[in-house]
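A.B. asks: Before I ask anything, here is the structure I am working with.
Residue numbers (the numbering used here): 260 to 415.
And the structure:
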């Protein structure tokens, strides 16, 4: 399955993968060796904890490798005037709700979502409602908070 990532997120995930494969793997291997030297492995809490950390680390490495393998880097698609024509992943969308309140949401891939910074996933109800829509269009999204309506003012 395709995963949409910004260049910034791609860099973060590549850095994390590098650290897990080099630094973290080495640290865990050292902890395992130290725990082995303490004797009986069947009741050795440090050994058991280190092996669990190793399993978690390897799982995260596989997860990141899969993510990066399926990554689609967000690229802007512009019309001849340079203005965005439809909302795509990576765009900032300025909207107005039914109360007239304005807000700006950035549509990101699911791995880049951060609602506290108004970064919403392309797979979320709001994200799906905004995708492929044009400025001036009114959209409706069914969310856990109920049905929300917005008018798209601009795409950045």
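Built from N, CA and C at the ideal position, the CB exists for glycine as well.
Mind checking who residue 409 pairs with in its DSSP beta bridge?
C.D. replies: Translated into the one-based positions of the chain shown, residue 409 becomes position 150. 356, 398, per the DSSP bridge assignment.
A.B. asks: Let's see if you can read the secondary structure: which residues bound the beta strand (DSSP E) around residue 362?
C.D. replies: Here residue 362 refers to the residue found at position 103 of the chain shown. Segment 361–367, the beta strand (DSSP E) holding residue 362.
A.B. asks: Residues bridged to residue 380 by DSSP?
C.D. replies: In the chain shown, counting from the first residue as 1, residue 380 sits at position 121. DSSP output for residue 380 lists 367 as bridge partner(s).
A.B. asks: Measure the alpha-carbon distance for residue 314 versus residue 307 and round it to whole angstroms.
C.D. replies: Start at 1 with the first residue of the chain shown, and residue 314 comes out as number 55. Start at 1 with the first residue of the chain shown, and residue 307 comes out as number 48. Roughly 11 Å separates the two Cα atoms.
A.B. asks: Is the beta carbon of residue 323 closer than 9 Å to that of residue 264?
C.D. replies: Locating residue 264 in the chain shown gives position 5, where the first residue counts as 1. Locating residue 323 in the chain shown gives position 64, where the first residue counts as 1. No.
A.B. asks: So, using beta-carbon positions, are residue 364 and residue 351 closer together than 9 Å?
C.D. replies: What you label residue 364 is simply residue 105 of the chain shown in a count that begins at 1. What you label residue 351 is simply residue 92 of the chain shown in a count that begins at 1. Yes, they are a contact pair.
A.B. asks: Helix, strand or coil, according to DSSP, for residue 337 in the structure here?
C.D. replies: Looking up residue 337 in the chain shown gives position 78. Confidence at residue 337 is low in this model, with a pLDDT of 46, below 50, so its placement is unreliable and no value can be given for it.
A.B. asks: Grab the span of the beta strand (DSSP E) containing residue 262 for me, first residue to last.
C.D. replies: The residue labelled residue 262 in the question sits at position 3 within the chain shown. 262–264 is the extent of the beta strand (DSSP E) around residue 262.
A.B. asks: Decide if residue 339 is buried, meaning its Cβ has at least 16 other Cβ atoms within 10 Å, or exposed.
C.D. replies: As a position in the chain shown, residue 339 is number 80, starting the count at 1. Any reading at residue 339 needs caution, since the residue's pLDDT is 47, under 50, leaving its predicted position unreliable; the model's value is listed next. That one is exposed.
A.B. asks: Report buried or exposed for residue 381, applying the criterion of at least 16 other Cβ atoms within 10 angstroms of its Cβ.
C.D. replies: Within the chain shown, numbered from 1, the residue matching residue 381 stands at position 122. Buried is the call here.
A.B. asks: Give every residue of the same chain whose Cβ lies closer than 7 Å to the Cβ of residue 261, excluding the five residues on either side of it in the sequence, and list them in chain order.
C.D. replies: Against the chain shown, residue 261 aligns to sequence position 2. Cβ within range, chain order: 329, 331.
A.B. asks: Confirm, please, whether the CB-CB distance from residue 398 to residue 409 is below 9 Å.
C.D. replies: Counting from 1 along the chain shown, the entry for residue 409 is found at position 150. Counting from 1 along the chain shown, the entry for residue 398 is found at position 139. It is a contact, given that the beta carbons lie within the stated cut-off.
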